[in-house]
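Read the structure below first, then the notes.
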Amino acid sequence: MRETRVSNYILAAFSAFSLIMLSLPLSTPVRAFKACVVYLCNPVAYHGAKGVQRLADLPPGMARLLSVDMENVRLRAERRNALWLKTELEALRTENRRLYQALGLKVPGERTALWASVMERDPLHWYNSIMVNAGADQGVTLNAPVFGGKDGILFAVGRVTEVRKDSAIVLLLTDELSSVAAYLSTAAVEGLVQGQGGPRLRMNYLPSEAVLTKGDLIYTSPTSVTFPSEVLLGRVAAVNSRDPFLTFQSVEVEPAVDAASLTDVMILRPEGAAGKGSPSLPATPLPRPTSTAPFQKSGLASAQGVHKSTAPATAQEGR
Amino acid sequence: MSHLRGAVLFVAAAFLQWWWSTHLSLWGLSPQVLLVLTVAIAARAGSNPGMCYGFLWGLFLDALRPHLFGANAFALMLAGYATGTMRRQMDVVDIVSQCVVVFLLTWGYFLFYGLLGLVFAKTFFWVGWAACLCDPLYNCLLVPFAALCWAWLRERL
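The listed protein sequences correspond, in order, to chains A and B. Just so we're aligned: the first sequence equals residues 1 to 319 in the numbering used here. Just so we're aligned: the second sequence equals residues 320 to 476 in the numbering used here.
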């Protein structure tokens, strides 16, 4: 009997409370009470959602862990092989230096890589220059060659034309004042790649009898003063019609990397020139391109072989 | 029932209701776990605990929904009261009879919630034919589970 009476009291109290909440939803006490209830009850849903998400993330996390472990094993094996390659490289470098000396030639200085980020790009001179966040403090020197990396392949980008304390100005290959000695991979002829102030380059001074084909890859020449040899510059986008009054041919060149997409660049600096500042990005070796992979990715060209030219170039580089 | 048991039951049931309706709903249908548990508590411990749990769980449901704050609390509290009242007339602890009570109270819950909408929001909150026909059966399937939960809580806490 007592229980029934209490039940009726509770029923009346809760019913009255519910009806007040239902009929006066915008009143301050009801809104305050609702805020309290939401504050107390929301953690159930919030932490529940987080817990469920963690459980859902468990299988992909485990899969990622396994793949990372497998990659770690592979990289360890690669590192062991790299030790042998490094030893072999050192031996070849020493032998090369000895042969240079035996022939009475000047021994080329060794250089190390420094990665830097693109800080600024002038919209009015989009294809002319960029500013990078490495300067004299990091060992950057004037005329140092600058490269871009894409899909693990190294491309020539330009050269340093102004060095400041913590930054440097890079003159892009697409600038009208840029030029670099280069050779065509299949035609085995050398020429001078020059910027035009736009997205494309032009390769001039190609022999008039050379057979030029669209899609040929263009690499820096061994005779290039600034750039190391065998670095990809771009590919032949169009063969210009022959001018009867000129003794050479020219081709339009599509750069391997678009200046607009550059975010990080690699600068070569002389060995031992590392300044007091640390590089902004770790130096990572990139493989030399052996196919048209970057172009194939964008569906631009067919695969081409790589010819190693040793013919001397007479063209002058620089501004 | 100790306070600890009550708190554990409240939070666990609220979480179960949220989790089931969020991640385990089939074709948009999920059981009213809190209604089944309210009936189970009212059938075993009397109408007073059933009403209190029903009201608090109803507030939890209202906090998750944007409209009619207090409707679920009112409806579940009435479900606890109705079960407690029936307890004096029949054996609602028995699984079969409790299934019948849950089955009927599910429809009563839908109807009452809709009517509250009609009165306070000028629109009848219709849950849909699928929920109206399937949810009572779905809830009945949970009755043995609720009985097991109750037994487990009484033993452990």
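All C-beta atoms in this analysis are idealised placements derived from N, C-alpha and C, irrespective of residue type, glycine included. No experiment lies behind these values; they were computed from the predicted model shown.
Best match in the options for proximity to residue i [C-alpha to C-alpha]
{"i": "A:VAL163", "options": "A:TYR9, A:TYR183 and A:ALA134", "result": "A:ALA134"}
{"i": "B:PHE387", "options": "A:MET1, A:MET266, A:SER18 and A:ARG79", "result": "In the sequence as presented, Phe is not what sits at residue 387 of chain B; that position holds Leu. The residue with the shortest Cα to Cα distance from B:LEU387 is A:SER18."}
{"i": "A:LEU212", "options": "A:LEU233, A:ILE130 and A:PHE248", "result": "A:PHE248"}
{"i": "A:ILE130", "options": "A:GLU88, A:SER185, A:PRO108 and A:ASP175", "result": "A:ASP175"}
{"i": "A:ASN128", "options": "A:LYS165, A:LEU89 and A:GLY198", "result": "A:GLY198"}
{"i": "A:VAL265", "options": "A:ALA35, A:ALA168 and A:LYS50", "result": "A:ALA168"}
{"i": "A:PRO255", "options": "A:ARG5, A:LEU233 and A:ASN81", "result": "A:LEU233"}
{"i": "A:THR112", "options": "A:PHE147, A:LEU103, A:GLU95 and A:GLY104", "result": "A:PHE147"}
{"i": "A:LEU201", "options": "A:LYS150, A:PRO25 and A:VAL257", "result": "A:VAL257"}
C-alpha distance - residue i paired with residue j, whole-angstrom precision
{"i": "B:TRP448", "j": "B:THR425", "result": "13 Å"}
{"i": "A:ARG159", "j": "A:ALA182", "result": "15 Å"}
{"i": "A:PRO9", "j": "A:SER27", "result": "Looking at the sequence itself, residue 9 of chain A is Tyr, so the reference to Pro does not match. If you take the alpha carbons of A:TYR9 and A:SER27, they lie about 25 Å apart."}
{"i": "A:LEU262", "j": "A:GLY195", "result": "17 Å"}
{"i": "A:ARG235", "j": "A:LYS214", "result": "8 Å"}
{"i": "A:LYS297", "j": "A:VAL44", "result": "Its pLDDT being 40, under 50, A:LYS297 is placed unreliably by the model, and the measurement read from it follows with that caveat. Cα to Cα, the separation comes out at about 49 Å."}
{"i": "B:LEU434", "j": "B:PHE443", "result": "6 Å"}
{"i": "A:CYS41", "j": "B:PHE374", "result": "13 Å"}
{"i": "A:ARG2", "j": "A:ALA49", "result": "43 Å"}
{"i": "B:VAL330", "j": "B:TRP376", "result": "9 Å"}
{"i": "A:VAL225", "j": "A:ALA188", "result": "19 Å"}
{"i": "A:VAL251", "j": "A:LYS150", "result": "24 Å"}
{"i": "A:LEU58", "j": "A:LEU65", "result": "10 Å"}
{"i": "B:SER321", "j": "B:LEU472", "result": "10 Å"}
The ligand ZN heavy atom lying under 7 Å from the CB of residue i
{"i": "B:VAL438", "result": "Summarising the ligand content, the structure contains no ligands, and the ligand ZN is consequently not present."}
Distance CB(residue i)-CB(residue j) smaller than 8 Å
{"i": "B:PRO368", "j": "B:ASN458", "result": "no"}
{"i": "A:VAL170", "j": "B:ALA382", "result": "no"}
{"i": "A:VAL220", "j": "A:ALA156", "result": "Here residue 220 of chain A is Thr; the residue named in the question, Val, does not match the sequence. Their beta carbons are under 8 Å apart, which means A:THR220 touches A:ALA156 by this criterion."}
{"i": "B:PRO455", "j": "B:PHE431", "result": "no"}
{"i": "B:VAL358", "j": "B:ALA332", "result": "no"}
{"i": "A:ASP216", "j": "A:LEU184", "result": "yes"}
{"i": "A:PHE14", "j": "B:MET396", "result": "yes"}
{"i": "B:THR404", "j": "B:SER366", "result": "yes"}
{"i": "A:VAL140", "j": "A:MET119", "result": "no"}
Residue environment, residue i, which counts as buried when at least 16 other CB atoms sit within 10 Å
{"i": "A:MET70", "result": "exposed"}
{"i": "B:MET409", "result": "exposed"}
{"i": "A:LEU99", "result": "exposed"}
{"i": "A:MET203", "result": "buried"}
{"i": "B:GLU474", "result": "exposed"}
{"i": "A:ALA63", "result": "exposed"}
{"i": "A:GLU190", "result": "buried"}
{"i": "A:PHE245", "result": "exposed"}
* Could you please tell me which residues of the stretch 385 to 414 of chain B, in chain order, have their CB closer than 7 Å to any CB of chain A? => LEU387, PHE388, GLY389, ALA390, ALA392, PHE393, MET396, TYR400 and GLY403
Taking beta-carbon pairs under 9 Å, can you tell me which members of the stretch 442 to 463 of chain B lie near chain A? none
Pull out every residue of the stretch 335 to 348 of chain B whose Cβ sits closer than 7 Å to any Cβ of chain A, in chain order. TRP337, TRP338 and HIS342
Item to check | Cβ-based contacts, 9 Å cut-off: residues of the stretch 13 to 24 of chain A near chain B | outcome: PHE14, SER15, PHE17, SER18, LEU19, ILE20, MET21, LEU22 and SER23
Closer than 8 Å, Cβ to Cβ, to anything on chain A: give me those residues from the stretch 349 to 367 of chain B, in chain order. GLY365, SER366 and ASN367
Where the stretch 26 to 38 of chain A meets chain B: residues whose CB sits under 8 Å from a CB there:
VAL30, LYS34, VAL37 and VAL38
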